[in-house]
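In order, the protein sequence lines correspond to chains A and B. All letters in the first sequence, in the order written, are residues 1409 to 1843 by this note's numbering. All letters in the second sequence, in the order written, are residues 1409 to 1843 by this note's numbering. C-beta: ideal position from N, C-alpha, C; glycine also.
Protein chains: 2
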Amino acid sequence: MVKIAVIGGTRGLGRWIAKFLAEKGFDVLITGRNVTDGELVSKKIGTGYTNNNSLAAETSDVVIISVPIHATPNIIKELAPLMKPGSLLMDVTSVKEESSHLMEQYAAEGVEVVPSHPMFGPRIRSLDGQVVVLTPSVDGSWYTKVYKFLEHENTRIIVTTPEIHDRMMSIVQGLTHFAYVSIAATIDRLDIDIKESRKFASPIYNLMLDTIARITAQNPYLVYSIQTSNKYIKDAHETFNETFNELKNMIADGDEEGFVHAMSNAAKHIDDLESALGRSDKAISALSEEVNILKNLVGREVGLKHIYSGKVHVGMLEELKPEFLVLKLNNSSTKLKLSNVEILTDKELKDWKINNYPLRSYDVSAVFPESADPEVVVATVQGLEGVVDAEVMDTYSGSQIPEGSISITLRYLVFDDDAVLEVEKLLKGFGCQIR
Amino acid sequence: MVKIAVIGGTRGLGRWIAKFLAEKGFDVLITGRNVTDGELVSKKIGTGYTNNNSLAAETSDVVIISVPIHATPNIIKELAPLMKPGSLLMDVTSVKEESSHLMEQYAAEGVEVVPSHPMFGPRIRSLDGQVVVLTPSVDGSWYTKVYKFLEHENTRIIVTTPEIHDRMMSIVQGLTHFAYVSIAATIDRLDIDIKESRKFASPIYNLMLDTIARITAQNPYLVYSIQTSNKYIKDAHETFNETFNELKNMIADGDEEGFVHAMSNAAKHIDDLESALGRSDKAISALSEEVNILKNLVGREVGLKHIYSGKVHVGMLEELKPEFLVLKLNNSSTKLKLSNVEILTDKELKDWKINNYPLRSYDVSAVFPESADPEVVVATVQGLEGVVDAEVMDTYSGSQIPEGSISITLRYLVFDDDAVLEVEKLLKGFGCQIR
Chain A
1409 MVKIAVIGGT RGLGRWIAKF LAEKGFDVLI TGRNVTDGEL VSKKIGTGYT
1459 NNNSLAAETS DVVIISVPIH ATPNIIKELA PLMKPGSLLM DVTSVKEESS
1509 HLMEQYAAEG VEVVPSHPMF GPRIRSLDGQ VVVLTPSVDG SWYTKVYKFL
1559 EHENTRIIVT TPEIHDRMMS IVQGLTHFAY VSIAATIDRL DIDIKESRKF
1609 ASPIYNLMLD TIARITAQNP YLVYSIQTSN KYIKDAHETF NETFNELKNM
1659 IADGDEEGFV HAMSNAAKHI DDLESALGRS DKAISALSEE VNILKNLVGR
1709 EVGLKHIYSG KVHVGMLEEL KPEFLVLKLN NSSTKLKLSN VEILTDKELK
1759 DWKINNYPLR SYDVSAVFPE SADPEVVVAT VQGLEGVVDA EVMDTYSGSQ
1809 IPEGSISITL RYLVFDDDAV LEVEKLLKGF GCQIR
Chain B
1409 MVKIAVIGGT RGLGRWIAKF LAEKGFDVLI TGRNVTDGEL VSKKIGTGYT
1459 NNNSLAAETS DVVIISVPIH ATPNIIKELA PLMKPGSLLM DVTSVKEESS
1509 HLMEQYAAEG VEVVPSHPMF GPRIRSLDGQ VVVLTPSVDG SWYTKVYKFL
1559 EHENTRIIVT TPEIHDRMMS IVQGLTHFAY VSIAATIDRL DIDIKESRKF
1609 ASPIYNLMLD TIARITAQNP YLVYSIQTSN KYIKDAHETF NETFNELKNM
1659 IADGDEEGFV HAMSNAAKHI DDLESALGRS DKAISALSEE VNILKNLVGR
1709 EVGLKHIYSG KVHVGMLEEL KPEFLVLKLN NSSTKLKLSN VEILTDKELK
1759 DWKINNYPLR SYDVSAVFPE SADPEVVVAT VQGLEGVVDA EVMDTYSGSQ
1809 IPEGSISITL RYLVFDDDAV LEVEKLLKGF GCQIR
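What follows is the structure, given as structure tokens:
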């Protein structure tokens, strides 16, 4: 069996990877400095543990380095030379140029290097749909194995060079996130009341503010470490600074043509404007449509799902305000933030009731003309509101049943006792005698 | 009848306002320099026209100034003194401090001033839900009339001072839009392939890019005029520039604590982080959910609505790619951009078919046990897929019908002839004889 060592596998993404691979049946060994933690975690996720990195590197077929960015270079220099011929060395650092080159430089003879950047955090449940960037310098047999493994997990794989990866990330994480944090800090410094400013604003401004808030609410230490470790980010910051100042001076100096030219040029460079407008329109309307749907549901039953906890609240929509709503169930009222709930569709609400309301089973026997088809009757009963399921228990045409007639017995399951009346109304409505 | 002059009413927002007021029954006069245009437009929108601004100002009960920002001060100085006592002077300029003060300074004795900023463009259809800012200095009788008029149109009215309005707008339109344009211009200058960068990115980055694209695609002349006309914007630009540079230097100098402190402070200032995260999560998931729904519909019938044209496409979903999909109808295939269509719900699709497919009417007579209730039968038929409507035409229990039975004749409307078989299957299934 393939032996995999995850260096720094006791927490964060390393721990996630170790657990994932152990569940896939690999023989996984994690390392980490704190022995108490290491033993606890390894027990919990089903791996081995050692605090001896060298031992792990020397004895494994695959070594995955998952330590903080600033510690990565020294760990590579220390462990790469110890690895055995025919083994695979990987890292998961979010900046690729330095680690990729160091791994190739220091890896022992016969060791294959496949640098990677998994673009997700340890909160995901599977690799399905997640992006993993690989920056291998050779098309070796380990690379093929890693690729096929990821492909089988339905991962979105990007193969590129460390340089292209880092340049792209200098924009993706470096520039945009940094500019957004700067906008938030500027609003803070200008002492503008953000809540008040939303009143003046269009839906797109509100979405912009929400995105700025989201980025600014990230772990600042993580943002700092990304900003400092990618060498292309400095260039992006400087270029942004120059560009902003040039545009600012055009405004200050009244250079209309200069500004219009620069802005038009920037717009031209954008990949597919029509799609961008379409997607942002949809994102905005998704938010306003929800309010419109709720407006029509005041006084009626509504099912709402909390977007984080997943908890479902079902009740009568008593009150709808711009920021919250009040749901009434029996004698208690629940106040919910509009931004944190989504509306269940009729089907989702019915499914939820089926899973959460007590289900009761009822039998009914009715006399039909003898040409009746029990399957059609059962399908029609199943379609009634409040009925979960129905089946034919018995058909009977004996001495107690009038000539030319048949008795059909149905068993049906309801989550709402009103449905019993609906079933009876249906059968009687078609002229059947309930026995 | 109230006579309203719209100065600059031959195009843009002025034209929209003139048309809207004329449709509401007011006696509207528009002005504009180009006589040919003016006569054409006034005919089209049902107003009077003159190229003589002074004449319009002297003879109207209400004067609304809707000329480009840079022309507004001189027009105010020219027309405000000519107005008759008891009349109302308004403007619709997007920067309020200068125009509000000039209108009050230059208005003739007995003229009431109500400065306004309608926060929408001329493409809207009604005032319902739109934001209009009013910055009156007195609580006069015209102000009350304007307020009530807007309230009746379901407008969201914000009453504030010109100074607060302009300070808020310096952030809403001034800073954020300007920073976004700067980001786009920086990406352009760094020669990063935006399309390529999306591959590396999370859904939130893609939404950020879409928003940046949207802002950068605005009319650059309009952006320039807003940036230059609000005096608070200069301060916002300078403060942003300082803030960005301080943060940038913290990164360059390795000042981790300084950066973390600044970023945390900015995050604290944001009004309601939890709601912001909730809304942006919803916006993102609205986009990905749609793809997930479509994945399950490949090979099946789907209804899609183009988000701009409103055109509905119904067909079999033949192919689904990250950026487009192919819909097959009869023998032709239609390729549609995923970003520009939204999926119809089952109910919307049925409604669309009812309105667009040829409807056919059918009659059916069936023999039921005499206790049958025609209303229950008709309601059950109405619930069948493909049936639009149904009604009871006749009930009959005479010589041609067996003893103890009743004949019910239904008329029903279908958009799909398969529904005829469904109706017959239902009736026969309950043991009824079709005549």
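Chain B has a Cβ within less than 8 Å of the Cβ of A:Arg-1687. If the five residues before and after B:Asn-1657 are omitted, its C-beta is found closer than 8 Å to the C-beta atoms of Asp-1663, all from its own chain and listed in chain order. If you look at A:Lys-1745, you'll find it in the beta strand (DSSP E) that goes 1740-1745. By the neighbour-count criterion, in which a residue is buried when 16 or more other Cβ atoms sit within 10 angstroms of its Cβ, B:Pro-1766 is exposed. Remark: C-beta atoms of A:Thr-1444 and A:Ala-1464 do not approach each other more closely than 8 Å. Counting only runs that start and end inside the segment 1459-1530 of chain B, the alpha helix (DSSP H) elements of at least 4 residues fall at 1461-1467, 1480-1487 and 1505-1514. Under the Cβ distance rule, B:Leu-1463 does not count among the residues neighbouring chain A, no pair being separated by less than 8 Å. Interface with chain B (8 Å Cβ-Cβ cutoff): A:Ile-1701 is excluded. For the options B:Phe-1434, B:Ile-1579, B:Leu-1598 and B:Ile-1641, the alpha carbon positioned closest to that of A:Asn-1614 is the one of B:Ile-1579. B:Pro-1611 is a Cβ neighbour of B:Leu-1695, given a cutoff of 8 Å.
Residue contact with chain B for A:Glu-1731: present (Cβ-Cβ distance below 8 Å to some residue of chain B).
B:Gly-1794 is outside the set of residues whose beta carbon lies under 8 Å from a beta carbon in chain A. In this structure B:Gly-1529 is exposed. Its beta-carbon is surrounded by fewer than 16 other beta-carbon atoms within 10 angstroms. Only those residues of the segment 1547-1576 of chain B whose C-beta falls short of 9 Å from the nearest C-beta of chain A are listed: Arg-1564, Ile-1566, Thr-1568, Ile-1572, His-1573, Arg-1575 and Met-1576. Counting only residues of its own chain and dropping the five nearest sequence neighbours on each side, A:Gly-1723 has a CB closer than 6 Å to the CB of Leu-1735, Lys-1736 and Leu-1737. In this structure, DSSP gives A:Ile-1715 a state outside helix and strand, which the three-state scheme calls coil. Ranked by Cα distance from B:Ile-1415, the options B:Phe-1434, B:Thr-1742, B:Pro-1476 and B:Asn-1673 are led by B:Pro-1476. The three-state secondary structure of A:Arg-1819, taken from DSSP, is strand. Within chain B, not a single residue places a beta-carbon under 7 Å from that of A:Asn-1460; the smallest gap is close to 31 Å. Taking 9 Å as the Cβ-Cβ cut-off, the segment 1700-1729 of chain A approaches chain B at Ile-1715 and Tyr-1716, given in chain order. With distances taken between CA atoms, B:Phe-1667 lies nearest to A:Tyr-1629 out of A:Glu-1665, A:Tyr-1629 and A:Phe-1648. DSSP places A:Arg-1564 inside the beta strand (DSSP E), whose first and last residues are 1564-1567.
Close partners of A:Leu-1681 in chain B (Cβ separation under 7 Å): Ala-1621 and Ala-1625. Between A:Phe-1823 and A:Val-1789 a beta carbon distance of about 14 Å is seen, past the 8 Å cut, so the two are scored as non-contacting.
Taking 8 Å as the threshold, the shortest C-beta distance from A:Gly-1662 to chain B falls below it. Taking 8 Å as the cut-off, the Cβ atoms of B:Ser-1807 and B:Val-1775 do not count as close. By a beta-carbon distance limit of 8 Å, B:Val-1540 contacts B:Thr-1563. Their separation comes to about 5 Å.
The three-state secondary structure of A:Gly-1723, taken from DSSP, is strand.
Non-local beta-carbon contacts of A:Thr-1552 in its own chain, meaning distances under 6 Å to residues more than five positions away in sequence, are absent.
Assignment of A:Ser-1693 by DSSP, reduced to helix, strand and coil, places it in the helix class.
Shown here for A:Val-1828: same chain residues with a beta carbon closer than 7 Å to its own, the five before and five after excluded, namely Tyr-1770 and Val-1822 in chain order. Chain A has a Cβ within less than 8 Å of the Cβ of B:Asn-1653. Proximity of chain B to A:Tyr-1629 at the Cβ level (cut-off 7 Å) is accounted for by Val-1668, in chain order. Within the same chain, and ignoring the five residues on either side of B:Val-1749 in sequence, the residues whose Cβ sits closer than 7 Å to its Cβ are Leu-1712, Lys-1713, His-1714 and Ile-1715.
Neighbours of B:Asp-1445 in chain A, taken as residues at a C-beta separation under 9 Å, are lacking, since the least C-beta distance is about 24 Å. Secondary structure of A:Phe-1608 (DSSP, three-state): coil.
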